[in-house]
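Read in the UniProt record's numbering, the sequence shown has 70 at position 70, and its numbers run on one by one without any break.
Have a look at the structure below before the remarks.
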Amino acid sequence: MGQYFDVIAPRLRQRVDWGGKLGEILFGGTAAPLVYLFARPIIPPTFTEHCCTPEQKGHGAMTPSATIATTPKKRAHNADRPAGGEGKGTDEKTPTQSAKRSRSSPHLLTLPAEVHLCVLKLLDVADLCNLGLTCCYFWSNVKPEIGKFFAGALGVWAGIPVVCIGDESSTGEGAYPQGLLDEDDKDELKEGLTGGEWEDREDEEWEEDIFSGPATLFRLAENRYRVLRMIENGWFAGHGIRRLWLDHCYRSPCPSDLRDIAEPRPKSFYPSNRVWILRNLTTREFVISNSIALKPEYISGPFIDGIGFGEFISMENKHDIHKGKWAGHQLDIVPLDTLNNEDGSWKKIDVEVAKEIAEIWEANLGENWRERIIKQEG
């Protein structure tokens, strides 16, 4: 039969929305999406480029262009000048000009950019998108905030202790890696689940508030931890603005980069032209992507076809039949050029990793395991 495994982050009370037998996770490609949980995102330039000029304030949703480059003093001075008043040597406004200005420029647009930025930070992503579509000026300012929103859904387990644990794991002291659980977690495990939380229980007289005794971390997480929705088919899941921008496109003019901003590819937050590494922040060890990849062309940023960082994380974090060396440790995936190793405290373990991968895959797929995976990848 074999154990059913799941990946759990107790400190966040989260678990992934998939699981399986260890063979399915390691050899079936199931572990690949784990990269999105540990890789720290880099917001693409798409979200910061093509800003419009102050003169385009109030215009309809158009293709943003140029960059905002005015000082607060100059912006305040321009806001007080009548339309078409350049070169007249006066800042006086006639009633007709004031009325015309009030009709053409909503009051919100006359506020300083600093106020706008403060307001933007209070809005959810749908409201940001709606505000941005009112005019080019706001579109150029909401894009960075939308980029932060999507980046916030990536790398959420970077630096967080995690474990890949099975449904036959044991209970009690010493059952889990040191540092994985705090005292509240341990007390909760000792108390166990309520009768209503037990699956297939035979004693129907149990009340909801009666505790069952010690529970395993797997069962506790299954019943009480939040399921973390991961990337679905290469897209962000459940952000709620896809329909919004589709509806707007049918009704009104749109910025040319609307789709790139409102529905970005998660992979776009991970530049493929940089070398990425998997770091163990607990032991200060790291693995470079090319030490895991079977071929250089299989590497695209932190994503590796065949055998990648996701498989290695699952392999090193399981804590049951074979206790992984990295179980309960803090991990992340970052570009190599961000690693500060001037003091030599970081250890590169590429050779050890390659050897361990070869041993595990050969034991399961035979001596020609490399050829089999390469053939499978096409």
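Every residue, glycine too, gets a C-beta built ideally from N, C-alpha and C.
From a predicted model like this one, the values you see are computed outputs, not experimental measurements.
- Around the beta carbon of Lys143, 16 or more other beta carbons lie within 10 angstroms, which makes this residue buried.
- In the displayed model, Asn223 falls within a helix according to three-state DSSP.
- Shown here for Gly20: same chain residues with a beta carbon closer than 8 Å to its own, the five before and five after excluded, namely Tyr4, Phe5, Gly28, Thr30 in chain order.
- Note on Gln376: under 16 other CB atoms within 10 angstroms of its CB, so exposed under the neighbour-count rule.
- Annotation: the segment 1-38 contains the following complete segments of the alpha helix (DSSP H) (minimum length 4 residues), in chain order: 22-27, 35-38.
- Contact between Ser169 and Leu220 does not hold, since the beta-carbon distance rounds to 11 Å and is not under 8 Å.
- In the three-state scheme derived from DSSP, where H, G and I count as helix and E and B as strand, Lys348 is classed as strand.
- Excluding five sequence positions before and after Thr283, the CB atoms of its chain that fall closer than 7 Å to its own CB belong to His329, given in chain order.
- Judged by DSSP in its simplified three-state form, Val119 adopts helix.
- By the C-beta criterion, the segment 30-42 is judged to be in contact with the segment 302-314, since at least 3 inter-stretch pairs fall below 8 Å.
- Under the three-state reduction of DSSP, Cys254 is assigned to coil, being neither helix nor strand.
- Around the beta carbon of Cys118, a 10 Å sphere encloses fewer than 16 other beta carbons of the protein chains shown; the residue is thus reported as exposed.
- Rounded to the nearest whole angstrom, the C-alpha separation of Val115 and Pro45 is 24 Å.
- The three-state reading of DSSP puts Glu188 in helix, counting H, G and I together.
- Phe218 sits in a helix when the DSSP states are folded into three classes.
- Annotation note: the segment 130-166 contains the following uninterrupted beta strand (DSSP E) runs of length 3 or greater, listed N- to C-terminal: 163-166.
- Sequence-distant partners of Phe138 (beyond 5 residues in either direction) whose C-beta falls short of 6 Å from its own C-beta, in its chain, are Leu131, Gly132.
- Spanning the alpha carbons of Ile8 and Leu189 requires a straight line of approximately 14 Å.
- Ranked by Cα distance from Gly196, the first of Arg224, Lys186, Leu180 is Arg224.
- If you check the CB distance, Val287 and Leu336 do not come in under 7 Å.
- No Cβ-Cβ contact shorter than 7 Å links Leu294 with Arg226.
- Assignment of beta-bridge partners to Glu285 by DSSP yields Asn280, Lys347.
- Annotated three-state conformation of Val353 is helix, per DSSP.
- Within the DSSP bridge table, the entry for Leu228 names Val16 as partners.
- Closest in C-alpha terms to Pro161, from the list Ile373, Phe38, Cys129, comes Phe38.
- DSSP places Ile374 in the uninterrupted alpha helix (DSSP H) bounded by 369-377.
- Pairing Phe309 with Leu278 gives a Cβ-Cβ distance under 7 Å.
- Ser268 and Glu356 have their C-alpha atoms roughly 31 Å apart.
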